[in-house]
Amino acid sequence: MLRFIFGRLAVLIPTFLGVSLIAFSFIRLLPGDPVMLMSGERVMSPERHAELMNQLGLDRPMYIQYFDYLAGLLTGDFGSSIVTKRPVLDDFLQLFPATLELSLCAIIVAVALGIPAGVFAAVKRGTWFDQSIMGVALVGYSMPIFWWGLLLIIFFSGYLGWTPVSGRISLMYFFPQVTGFMLIDSLISGQAGAFKSALTYLILPTIVLATIPLAVIARQTRSAMLEVLGEDYVRTARAKGLSPFRVVGVHALRNAMIPVITTIGLQVGVLLAGAILTETIFSWPGIGKWMVDSVFKRDYAVVQGGLMLIAAVIMIVNLVVDLLYGWVNPRIRH
Amino acid sequence: MSLLEVKNLTVEFQTASGPFRAVDGVSLKVDEGEVLAIVGESGSGKSVSMLAAMGLLPWTAKVTADVLTFNGRDMQAMSDSDRRKIIGKDIAMIFQEPIASLNPCFTVGYQIEEVLRIHTDLSRKARRDRAIELFQSVGIPNPEERLGHFPHQMSGGQCQRVMIATALACNPKLLIADEPTTALDVTIQKQILDLLMKLQAEHGMGLIIITHDMGVVAETADRVIVQYKGRQIEEADVLSLFSAPKSVYTKALLSALPENATGERLPTITEKLTDAEIFAGAVR
Numbered sequence: 001m002l003r004f005i006f007g008r009l010a011v012l013i014p015t016f017l018g019v020s021l022i023a024f025s026f027i028r029l030l031p032g033d034p035v036m037l038m039s040g041e042r043v044m045s046p047e048r049h050a051e052l053m054n055q056l057g058l059d060r061p062m063y064i065q066y067f068d069y070l071a072g073l074l075t076g077d078f079g080s081s082i083v084t085k086r087p088v089l090d091d092f093l094q095l096f097p098a099t100l101e102l103s104l105c106a107i108i109v110a111v112a113l114g115i116p117a118g119v120f121a122a123v124k125r126g127t128w129f130d131q132s133i134m135g136v137a138l139v140g141y142s143m144p145i146f147w148w149g150l151l152l153i154i155f156f157s158g159y160l161g162w163t164p165v166s167g168r169i170s171l172m173y174f175f176p177q178v179t180g181f182m183l184i185d186s187l188i189s190g191q192a193g194a195f196k197s198a199l200t201y202l203i204l205p206t207i208v209l210a211t212i213p214l215a216v217i218a219r220q221t222r223s224a225m226l227e228v229l230g231e232d233y234v235r236t237a238r239a240k241g242l243s244p245f246r247v248v249g250v251h252a253l254r255n256a257m258i259p260v261i262t263t264i265g266l267q268v269g270v271l272l273a274g275a276i277l278t279e280t281i282f283s284w285p286g287i288g289k290w291m292v293d294s295v296f297k298r299d300y301a302v303v304q305g306g307l308m309l310i311a312a313v314i315m316i317v318n319l320v321v322d323l324l325y326g327w328v329n330p331r332i333r334h
Numbered sequence: 335m336s337l338l339e340v341k342n343l344t345v346e347f348q349t350a351s352g353p354f355r356a357v358d359g360v361s362l363k364v365d366e367g368e369v370l371a372i373v374g375e376s377g378s379g380k381s382v383s384m385l386a387a388m389g390l391l392p393w394t395a396k397v398t399a400d401v402l403t404f405n406g407r408d409m410q411a412m413s414d415s416d417r418r419k420i421i422g423k424d425i426a427m428i429f430q431e432p433i434a435s436l437n438p439c440f441t442v443g444y445q446i447e448e449v450l451r452i453h454t455d456l457s458r459k460a461r462r463d464r465a466i467e468l469f470q471s472v473g474i475p476n477p478e479e480r481l482g483h484f485p486h487q488m489s490g491g492q493c494q495r496v497m498i499a500t501a502l503a504c505n506p507k508l509l510i511a512d513e514p515t516t517a518l519d520v521t522i523q524k525q526i527l528d529l530l531m532k533l534q535a536e537h538g539m540g541l542i543i544i545t546h547d548m549g550v551v552a553e554t555a556d557r558v559i560v561q562y563k564g565r566q567i568e569e570a571d572v573l574s575l576f577s578a579p580k581s582v583y584t585k586a587l588l589s590a591l592p593e594n595a596t597g598e599r600l601p602t603i604t605e606k607l608t609d610a611e612i613f614a615g616a617v618r
């Protein structure tokens, strides 16, 4: 098992280097530079522009900037924002809990609904239940996030007035950030109604963000389950006199989970990408919104640092998925 | 009273091109301590008829029978949960592909102890002791260690031994072995057959062996049922079947055995007989 973990960790190093190169170069491919964008409508003389670029170290050859950046990364220095001068890591750590809270809620909803939906659809294969579940999943998968988010806001917030439009919690409440998770912090604060408020603010973004992973997980579970239900060991399980619940829920599901766990792992990447759109729609103060704003300002340090950190999160999640995979599938472990 | 009695069993599957009758009017009886072989080509409905008797066919199959009783109890009138109390306990079944028949995600120990947990009141410790005892009885060395192994860590023959041990866990009255040796090497085939016969004699249970191997039939069975395309062609005790087969199909089947070959090419049944001739010559 330890060898398995170290093997996976070793793969992370070249991946991390690759991501750093991509993160560094892609933002620089965009037209314009941070100094131009900071000056805005004001006219700036070429001399002043060159001076500012020199101050920021952006006039040096690209490969020197890259190695400089890489050296910083190795010491844990992700650089500072060109615009706000605040360290990228500090901003990230402050904003990431909001994204994590939203993403966790979304993946929990997606898994909690997607797996049972897929299992039932497979067990009831070909029935109206199966067809309607898979039809809804296809619609969910095909729905553009920004449009789906707007529809929900118009209906639930605008028309019915059930949920708030944007933000994380009602302005009525204020309490210190302890964990960064609004649901937990509101409970710790002990203020009456704070938790409920945080929950109502979370509902719509969670639904929007969970939709695509939910659809993918349901469809993947169904197809994995269909394959497994035809296996000989499922027949053996039934021949032992086990209840249908045990046959499907233990013997079949455990095997069907092997591809589904891979899918869930891959959805984490989709989730963080989706978070960027969702956070923008709902003004959710997380890293998605932070990254989009930085791209518009050509804040190189924030974009590349943010990308690296998001990549690190995805790599950690994938490592956990790999470990889970080994746990679920003994053929990998042994 | 017979252990298992089946009269006029019919199984139909709904297919895109209309209903397909896989088993057509099969009848059989097995007594305690008796070994019955069901023999026939692939697609003759041997396995399907036994899966139907155990209620293990998917819902797309339509099963009807005039009589379907186990130990005097009507299996058709029984609720699903009552039937599950018999299946795995009093009637056990082992299958053709031993490695594929064991769940790859669980240890063999878990899979054998699971049957004991469902059908008996044994404590965890007693279940483990019983599993060790069963492994010993089917000839698995180092049973304590082996219980913690996964199916992919064992050979086909070992997996079949695990399957047999699992089937025998609750001392069944009837064991159905569906081509138990087909997927195994010849030397292992012999070992598994010998083991099955030894355990059958020790436990005095009824045994139904489904096979297409006439050698297995000759070596194990008291009585034989020959099936072709879902219909029963002949039923006889093993000696009369081999010495004086009555139906034209059984005669053709026996003449197609490699050891009976006289020319360069083995005779095949279909070039000699039509379906109509086979069914017309059925002796029941």
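In order, the protein sequences belong to chains A and B. If you read the first sequence in my numbering, its first letter stands for residue 1, the second for the next number, and so on. If you read the second sequence in my numbering, its first letter stands for residue 335, the second for the next number, and so on. Glycine included, C-beta positions come from ideal geometry on N, C-alpha and C.
Going by C-alpha distance, which of Gln494/B, Ile522/B, Phe576/B, Leu508/B is nearest isoleucine 420/B?
Indexing the second sequence from 1 puts residue 420/B at position 86. For the residues Gln494/B, Ile522/B, Phe576/B, Leu508/B, the minimum Cα distance to isoleucine 420/B belongs to Leu508/B.
Could you check what DSSP says for alanine 395/B in three-state terms: helix, strand or coil?
In the second sequence, the residue the question calls residue 395/B occupies position 61. Note: alanine 395/B maps to strand in three-state DSSP.
Opposite methionine 427/B in the DSSP bridges: which residues?
By one-based count along the second sequence, residue 427/B stands at place 93. Looking at the DSSP assignment, methionine 427/B forms a beta bridge with Ile510/B.
Express the C-alpha separation of arginine 462/B and phenylalanine 92/A in angstroms, rounding to a whole number.
Position 92 of the first sequence, counted from the start, is the residue given in the question as residue 92/A. Position 128 of the second sequence, counted from the start, is the residue given in the question as residue 462/B. Rounded to the nearest angstrom, the two C-alpha atoms are 53 Å apart.
So which residues on chain B does alanine 237/A lean against when the C-beta distance must stay under 8 Å?
Looking up residue 237/A in the first sequence gives position 237. The answer, in chain order, is Asn437.
Is the separation between the beta-carbon of glutamine 561/B and that of glycine 374/B shorter than 8 Å?
Taking the first residue of the second sequence as 1, we reach residue 561/B at position 227. Taking the first residue of the second sequence as 1, we reach residue 374/B at position 40. For glutamine 561/B and glycine 374/B, yes; Cβs fall inside 8 Å.
If you drop the 5 nearest sequence neighbours on each side, which residues of the same chain put their C-beta closer than 7 Å to that of asparagine 329/A?
Numbered from 1 along the first sequence, position 329 holds the residue referred to as residue 329/A. Excluding sequence neighbours, asparagine 329/A sits near Ile258.
Within 8 Å of any Cβ in chain B, is that where the Cβ of glutamate 231/A sits?
As a first step, residue 231/A is located in the first sequence; it is residue number 231 there, counting from the start. Glutamate 231/A counts as touching chain B.
Straight-line Cα distance separating aspartate 424/B from leucine 229/A:
Taking the first residue of the first sequence as 1, we reach residue 229/A at position 229. Taking the first residue of the second sequence as 1, we reach residue 424/B at position 90. Near 25 Å, if we compare the C-alpha coordinates of aspartate 424/B and leucine 229/A.
What do you get for proline 392/B, buried or exposed, if any count of 16 or more other CB atoms within 10 angstroms of its CB means buried?
Numbered from 1 along the second sequence, position 58 holds the residue referred to as residue 392/B. Exposed: under 16 other Cβ atoms inside 10 Å.
What are the start and end residues of the alpha helix (DSSP H) that includes serine 351/B?
Taking the second sequence and counting its residues from 1, one reaches residue 351/B at position 17. Run containing serine 351/B: none; DSSP gives neither H nor E here.
Among residues of its own chain, excluding the 5 on either side of histidine 251/A, which ones have a beta-carbon nearer than 8 Å to its beta-carbon?
To locate residue 251/A, count along the first sequence from 1; it is residue 251. The residues are Tyr233, Val234, Ala237, Leu242.
In this structure, what does DSSP give as the bridge partners for threonine 31/A?
Working through the first sequence from its first residue, we reach residue 31/A at position 31. Residue identity check: residue 31/A is proline in the sequence provided, not threonine. According to DSSP, proline 31/A bridges with nothing at all.
Contact list for valine 303/A against chain B, beta-carbon separation under 8 Å
Taking the first sequence and counting its residues from 1, the one referred to as residue 303/A is at position 303. The contacting residues do not exist; valine 303/A stays about 43 Å from chain B at best.
Classify tyrosine 173/A as helix, strand or coil using the three-state DSSP reduction.
Translated into positions along the first sequence, residue 173/A becomes position 173. Residue state, collapsed to three classes: coil.
Among Arg495/B, Ile612/B, Ala555/B, which one has its Cα closest to the Cα of isoleucine 433/B?
Working through the second sequence from its first residue, we reach residue 433/B at position 99. The option with the nearest alpha carbon to isoleucine 433/B is Arg495/B.
Between serine 157/A and the rest of its own chain, which residues show a CB-CB distance below 8 Å, the 5 nearest in sequence each way excluded?
Mapped onto the first sequence, residue 157/A falls at position 157. Answer for serine 157/A: Thr163, Pro164, Val165, Leu204, listed in chain order.
Are lysine 459/B and valine 401/B closer than 8 Å when you measure CB to CB?
Position 125 of the second sequence, counted from the first residue, corresponds to residue 459/B. Position 67 of the second sequence, counted from the first residue, corresponds to residue 401/B. No.
For methionine 384/B and chain A, any beta-carbon pair shorter than 8 Å?
The residue labelled residue 384/B in the question sits at position 50 within the second sequence. Chain A, which has no Cβ nearer than 8 Å to the Cβ of methionine 384/B, makes this no.
Taking the beta carbon of glutamine 177/A as the centre, do at least 16 other beta carbons fall within 10 Å, making it buried, or is it exposed?
Your numbering for residue 177/A matches position 177 in the first sequence. Label assigned to glutamine 177/A: exposed.
Buried or exposed (CB count within 10 angstroms, at least 16 for buried), lysine 85/A:
One-based indexing of the first sequence puts residue 85/A at position 85. When all chains shown are included, lysine 85/A counts as exposed.
Could you pull out every residue in the same chain whose Cβ sits closer than 8 Å to the Cβ of arginine 333/A, ignoring the five residues on either side in sequence?
Locating residue 333/A in the first sequence gives position 333, counting from the first residue. Result list for arginine 333/A: Met1, Phe4, Gly326, Trp327, in chain order.
Does threonine 99/A pass the burial test, meaning 16 or more other C-beta atoms within 10 Å, or should it be called exposed?
The count along the first sequence starts at 1 and reaches residue 99/A at position 99. So threonine 99/A ends up on the buried side.
Below 8 Å between beta carbons: does that hold for glycine 491/B and isoleucine 526/B?
In the second sequence, the residue the question calls residue 491/B occupies position 157. In the second sequence, the residue the question calls residue 526/B occupies position 192. A contact, by the Cβ cut-off of 8 Å.
For glycine 379/B, count the other beta carbons within 10 Å of its own beta carbon; 16 or more makes it buried, fewer makes it exposed. Which is it?
Residue numbering aside, residue 379/B sits at position 45 when the second sequence is read from its first letter. Glycine 379/B comes out buried.
Could you tell me how far apart the beta carbons of leucine 152/A and isoleucine 217/A are, in whole angstroms, since I believe they sit closer than 8 Å?
Translated into the one-based positions of the first sequence, residue 152/A becomes position 152. Translated into the one-based positions of the first sequence, residue 217/A becomes position 217. Not confirmed; about 20 Å, so no contact.
Expected contact under 8 Å - CB spacing of lysine 563/B and glycine 377/B to nearest Å:
Along the second sequence, one-based indexing puts residue 563/B at 229. Along the second sequence, one-based indexing puts residue 377/B at 43. Right, their Cβ atoms sit about 7 Å apart.
Simplified DSSP assignment, three categories, for leucine 390/B:
Position 56 of the second sequence, counted from the start, is the residue given in the question as residue 390/B. Reduced to three states, the DSSP call for leucine 390/B is coil.
Short CB-CB distance (under 8 Å) between glycine 422/B and chain A
Taking the second sequence and counting its residues from 1, one reaches residue 422/B at position 88. With 8 Å as the cut-off, glycine 422/B counts as an interface residue toward chain A.
Does phenylalanine 418/B have its Cβ less than 8 Å from a Cβ in chain A?
On the second sequence, residue 418/B is found 84 positions in, with the first residue counted as 1. Note that residue 418/B is arginine in the sequence shown, not phenylalanine. Taking Cβ atoms only, chain A reaches closer than 8 Å to arginine 418/B, which makes this a yes.
In chain order, what residues of the same chain have a beta carbon less than 6 Å from the beta carbon of valine 35/A, not counting five sequence neighbours either side?
As a position in the first sequence, residue 35/A is number 35, starting the count at 1. Cβ neighbours of valine 35/A beyond the five flanking positions: His49, Leu52, Met53.
Return the chain-ordered list of same chain residues with a C-beta closer than 8 Å to the C-beta of methionine 384/B, the five sequence neighbours on each side being excluded.
For this step, residue 384/B is matched to residue 50 along the second sequence. Within the same chain, methionine 384/B has close Cβ partners Ile372, Met427, Ile510, Asp512, Ile542, Ile544.
How about threonine 211/A and glycine 135/A: do their beta carbons lie closer than 8 Å?
Mapped onto the first sequence, residue 211/A falls at position 211. Mapped onto the first sequence, residue 135/A falls at position 135. It is not a contact, given that the beta carbons lie outside the stated cut-off.
So, alanine 122/A versus leucine 209/A, is the Cβ gap smaller than 8 Å?
Here residue 122/A refers to the residue found at position 122 when the first sequence is read from its first residue. Here residue 209/A refers to the residue found at position 209 when the first sequence is read from its first residue. No. Outside cutoff.
Counting only beta-carbon separations shorter than 8 Å, does histidine 537/B have a partner in chain A?
Along the second sequence, read from residue 1 onward, the residue named residue 537/B stands at position 203. Histidine 537/B does not count as touching chain A.
Would DSSP call isoleucine 22/A helix, strand or coil?
Working through the first sequence from its first residue, we reach residue 22/A at position 22. Residue state, collapsed to three classes: helix.
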